[in-house]
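J.: Mind looking over this structure? Questions follow.
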Amino acid sequence: MIEFEKFELDNGLKVIFHQDLTTPMAVVDIVYNVGARDENENRTGFAHLFEHLMFGGSKNIENFDAPLQMAGGECNAFTNNDITNYYDILPAQNLETALWLESDRMLELAFTPKSLEVQRNVVIEEFKQRYLNQPYGDVWLELRPLIYQQHPYKWATIGKNIDHIADATMEDVKSFFFKHYSPSNATMVIGGNLDFDEVKELVIKWFGDIPAREKYERKLSAEPAQNEKREKTIVRDVPSDAIYMAFRMAERTSPDFYVGDLVSDLLGRGKSSRFFQELITEKKLFTQASAYVSGGWEDGLFIVSGQLTSGVSFSEAEEAIWLELNKLHLNPIDERELTKVKNKFKTSKVFSEQPLMNRVMNIALFDMMGKLDEVNNELQKYDAVTSENIKNFAKYLLIPENSSTLKIKAK
Amino acid sequence: MDRTLSPKFVIADQLDLIFPERIELKNGCVLYWMKDVKDEAVKLDIDWEAGTKYQDQKLISSFTNKLLLSGSEELSSKQIDEEMDFYGGFYQMQLDKDHAGITLYGLTENMNDIFSVFSKAFSVANFPQNELDKERTIAIEKFKIEQQKVKVICRQLFTPNLFGADTAYGQVAELSDFDALNSDELRRFFNTHYKTAPTLFLTGNVNKDFIEVLRDWSANFQTPIKTNLIQEFTQTNGRVHHEKVDAIQTAIRIGRLMFDKKHPDYFGFQLLNTIYGGYFGSRLMANIREDKGYTYGIGSGMAVMQDAGYFFIATEVGKDVKDDAVKEIFNEMNKLKEAPVSEEELTKVKNYMLGEFLRQADGPMALIEVFKNIYYNKLPKSYYADFIQAIHDATPQSLQDLANKYFVEEEMLVVTAG
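Chains as they are written, first to last, in the numbering used here: chain A, 1 to 411; chain B, 412 to 829.
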């Protein structure tokens, strides 16, 4: 059970406090309600590029990292299609340093040409290192546009291509900041060995006078329902053929998410999973096979991927995957197998909530999804899943008409 | 309120470490138990002296470890994994140059069952041929994928050149080594290295009879006889390059043999390394990422094993700026040799490192790792207090002296791939 208290400032900033008296540390986590889905289609990769710029100095403070390090702290951030998340971890008695730094960049960035120029290069190198210079690195650059035709989930967080990042102008940067980085577009969670009243006082001191700014209203084109099988094959210099199948499913907060997550575990998590036992051990068609859910906030994905054993054809491999997917609705899951995946989930949940950082981040994300009250209900949701739910999930979603398949053929 | 001024902060100069309780099991097996945990998460590390340095054939130690729970003709790996998973257990195999073993994860209520699955599997382990074949096929595919990454190619050139290709630490596996594996060799390695008493590290709340379960289990082992494998290493200096025509980035790895954690220069050099390349605000990051934009990331560090230690710098940069990046890496070393660091930078790094100590020692799972460091490196219990004192005592002059002593370009191995 994660406990918390919350309050809101006049400028719209939502603040949540989570006490942990067993640690010497404090964590400050700010989630901004902006991700790659909020980008202009001709300026993709911008939310992520912007995350880099957020460390390039703010209106009154030349450098973000140095004063934090001076106070014994460390920070980082990540961007995905849905949100941008910034976090600082430092000795609890120095909390104010993090609030000072975070508030100044929420107030206004420095917008220096040098920072833009350098971070463009850094992000381009990141693009090369993670997406272009790795075997199978470009899978999501290829797969997203196959799955989504309208919704901005059709591009990856890094962007559609390097040119979009290379062409970003200072004007773009400024308007992106004022549109998305306002107090009313953020949730801040503070956790650690701290006192609520003191935290509240410090938050009001540093964040209270930030102007509210105009509230951004997200209006994205919905992705129409899929009713056709989609497929694409690309040829790459990779060691073995690989297959990626994506099935569209409901959003992160829907009951289907929990069913999908358990289904992905029973198919693809660990050596006793069906994929490992059937596809790798028994039939020897694959050398690697996994299943997982993306957890997209608006329109999630159920993903199956595998690497083919050499000499195995795509059609044999695909047929074997479909056989496993079809088994889910043809034969009911027995209780022992269902209990097994639930037990595994329970263990990972307890471990994942051990670090303060994870608890704080979880609160922030649930609040941003508008489901703060459910942050402690996840175990019950998994526990409530029945074999009937699984059967239905498979029957309606894990079907050819709802699938997008990317095949990577080794050169 | 002046937003240009940093609020006051305090830096603690002490670290409250809690060490695990030491419990003697049987036959020389020792258990270290960190029991003050507020939730139900339990972690058990079981560690043998069975790392890669003990093998006389490449990959033997890794495959013995990989197949530890693959059972026998009577008890299949499938049955073992089914049971383990049913109790919500997770396990991870551990392997490095010195040690090998397994870590079991589970919740208090299931830990006795999880351990029972493990001990049953361990007692029947006989490395069936079909399991070896399966793992080999999987491993070969992974190996081929890794071989396409420039950072992996670079590391595989670095290791033999640093230690000597024929030494225990310098060996690097090749594709053909996979074919040479057979069950008999795995069994022999297992009998030699996994039948002597392991060391156990337990974190978490367990049922009260769990310790007795471990005590009974420990009766199966022989008391270890300490083998002293003293190794000599000869480093190659200068440049080694591997051309990968289609690569769009080049991986760079530069380094040299160094000393262990008991060396009088160790603490000071760790501080110097942090300034140079050991954290986000380091000289290397400031220059090569934040000023020139050559890379997504660059860092340096020290690695210490039982018989050797080394210092290294690693990065991946645009192929066209490879030589400039190498030049800048040495420029930054030279700057630290030529001019003392400013008091301001030194204070920042000292404070950062003290904060980092707090993070490293936060919570029982972290504290057991802190203890393992002391235990495996045979360090005094005052090690962290001594470290903190040494950080306080470091001066711009002492760091400049260390830079001149160890940042010697001619003594560095420079490997590039891409």
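Beta carbons: idealized from backbone N, C-alpha and C, even for Gly. Note that the structure is predicted; figures quoted are calculated from it, not measured.
Any beta carbon from chain B within less than 9 angstroms of TRP100(A)'s own beta carbon?
T.: It does; some Cβ of chain B falls within 9 angstroms.
J.: Leaving out five residues on either side along the sequence, give the residues of the same chain with a beta carbon under 6 angstroms from the beta carbon of GLY268(A).
T.: PHE275, SER290 and ALA291, listed in sequence order.
J.: Does the structure place the segment 570-582 of chain B close enough to the segment 516-536 of chain B that three or more beta carbon pairs sit under 8 angstroms?
T.: Short answer: they don't touch.
J.: Quick check on TRP81(A) - is its C-beta less than 9 angstroms from some C-beta in chain B?
T.: The amino acid occupying residue 81(A) in the given sequence is Asn; Trp does not appear at that position. Judged by the 9 angstroms Cβ criterion, ASN81(A) is not in contact with chain B.
J.: By Cβ distance below 7 angstroms, which residues in the same chain neighbour LYS606(B) in space, the five residues on each side in sequence not counted?
T.: Taken in chain order, the residues that qualify are PHE632 and GLN633.
J.: Which residues bound the beta strand (DSSP E) around VAL563(B)?
T.: Note, VAL563(B): premise wrong, no beta strand (DSSP E); alpha helix (DSSP H) at 561-574.
J.: Am I right that ILE802(B) and LEU682(B) are in contact with their C-beta atoms under 8 angstroms? What's the rounded C-beta distance?
T.: So it is a contact: roughly 6 angstroms between Cβ atoms.
J.: The beta strand (DSSP E) spanning MET713(B) covers which residue range?
T.: Looking at the DSSP string, the run of the beta strand (DSSP E) that includes MET713(B) is 706-715.
J.: Compare the C-beta of LYS545(B) against all C-beta atoms of chain A and say whether one is closer than 9 angstroms.
T.: Yes, LYS545(B) counts as interfacial toward chain A.
J.: Cβ atoms of VAL28(A) and LEU95(A): under 9 angstroms apart, would you say?
T.: Against a cut-off of 9 angstroms, the Cβ pair of VAL28(A) and LEU95(A) comes out as a contact.
J.: Anything in chain A within Cβ reach of TYR705(B), meaning under 8 angstroms, just list it in chain order.
T.: Those are ASN121 and GLU125, listed as they occur along chain A.
J.: In whole angstroms, give me the CA-to-CA distance for LEU543(B) and MET504(B).
T.: Distance between the alpha carbons of LEU543(B) and MET504(B): 16 angstroms.
J.: In whole angstroms, give me the CA-to-CA distance for PHE529(B) and ARG598(B).
T.: If I take the Cα positions, the gap works out to 18 angstroms.
J.: If I follow the unbroken beta strand (DSSP E) through GLU3(A), where does it start and stop?
T.: Taken as a continuous stretch (DSSP letters only), GLU3(A) belongs to no beta strand (DSSP E), as it is neither H nor E.
J.: Shorter than 9 angstroms from the beta carbon of PHE601(B) to some beta carbon of chain A?
T.: Answer no: the Cβ-Cβ gap between PHE601(B) and chain A never drops below 9 angstroms.
J.: Check distances from the C-beta atoms of the segment 571-582 of chain B to those of chain A and list, in chain order, the residues that come in under 7 angstroms.
T.: Residues: none.
J.: One question on the structure: do LEU824(B) and GLN646(B) come within less than 9 angstroms of each other, judged by their Cβ atoms?
T.: For LEU824(B) and GLN646(B), yes; Cβs fall inside 9 angstroms.
J.: According to DSSP, is VAL656(B) part of a helix, a strand, or is it coil?
T.: If DSSP states are grouped into helix, strand and coil, VAL656(B) belongs with coil.
J.: Going by other Cβ atoms of all chains shown within 10 Å of its Cβ, with 16 needed for buried, is THR22(A) buried or exposed?
T.: Exposed, since its Cβ has fewer than 16 Cβ neighbours within 10 Å.
J.: Which bits of chain B does PHE351(A) rub up against, with CB to CB less than 7 angstroms?
T.: Those within 7 angstroms of PHE351(A) in chain B are ALA452 and TYR516.
J.: Starting from ASN85(A), follow the alpha helix (DSSP H) in both directions and report where the run begins and ends.
T.: No alpha helix (DSSP H) contains ASN85(A), which is instead part of the beta strand (DSSP E) from 84-91.
J.: Roughly how many whole angstroms lie between the Cα atoms of VAL15(A) and LYS205(A)?
T.: Looking at the two C-alpha atoms, the distance is approximately 13 angstroms.
J.: Using a Cβ-Cβ cutoff of less than 6 angstroms, which residues in the same chain neighbour MET830(B) once the five nearest sequence positions on both sides are dropped?
T.: Outside the displayed span of chain B (412 to 829) sits residue 830(B), for which this structure offers no information.
J.: Taking C-beta pairs closer than 8 angstroms, name the residues in chain A that LEU769(B) reaches, listed in chain order.
T.: By Cβ distance, chain A contributes PRO24, MET25, GLY72 and PRO91.
J.: Which whole-angstrom value describes the C-beta separation of PRO539(B) and GLU484(B), a residue pair presumed to lie in contact below a C-beta threshold of 8 angstroms?
T.: That pair is a contact at about 6 angstroms.
J.: Can you give me the Cβ contacts of VAL203(A) inside the same chain, cut-off strictly under 7 angstroms, excluding the 5 residues immediately before and after it?
T.: Answer for VAL203(A): VAL15 and LEU99, listed in chain order.
J.: For MET495(B), count the other beta carbons within 10 Å of its own beta carbon; 16 or more makes it buried, fewer makes it exposed. Which is it?
T.: Label assigned to MET495(B): buried.
J.: Looking at the unbroken alpha helix (DSSP H) that takes in TYR382(A), where does it start and where does it end?
T.: Looking at the DSSP string, the run of the alpha helix (DSSP H) that includes TYR382(A) is 378-383.
J.: Which term fits TYR396(A), buried or exposed, when burial requires 16 or more other beta carbons within 10 angstroms of its beta carbon?
T.: Counting Cβ neighbours within 10 Å, TYR396(A) comes out exposed, since fewer than 16 surround it.
J.: Please list the segments of the alpha helix (DSSP H) lying wholly inside the segment 28-76 of chain A, counting only runs of 4 or more residues, in order along the chain.
T.: Correct list: 46-53 and 65-70.
J.: Examine chain B for any beta-carbon lying closer than 9 angstroms to the beta-carbon of GLY268(A), and answer yes or no.
T.: By this cut-off, GLY268(A) is not an interface position.
J.: Within 10 Å of its beta-carbon, does THR347(A) have 16 or more other beta-carbons around it, so buried, or fewer, so exposed?
T.: THR347(A) comes out buried.
J.: Using a beta-carbon distance cut-off of less than 8 angstroms, what residues from the segment 54-65 of chain A approach chain B?
T.: Answer set for the segment 54-65 of chain A: LYS59, ASN60, ILE61 and ASP65.
J.: Please report the residue range of the beta strand (DSSP E) in which TRP297(A) lies.
T.: Per DSSP, TRP297(A) belongs to no beta strand (DSSP E) and is neither H nor E.
J.: Using only alpha-carbon positions, find the residue among GLY45(A), GLU41(A) and GLU51(A) that is nearest to TYR32(A).
T.: Nearest option by C-alpha distance: GLU51(A).
J.: When the Cα of VAL360(A) is compared with those of ALA36(A), TYR86(A) and ASN80(A), which residue comes out closest?
T.: Among ALA36(A), TYR86(A) and ASN80(A), the Cα nearest to that of VAL360(A) belongs to TYR86(A).
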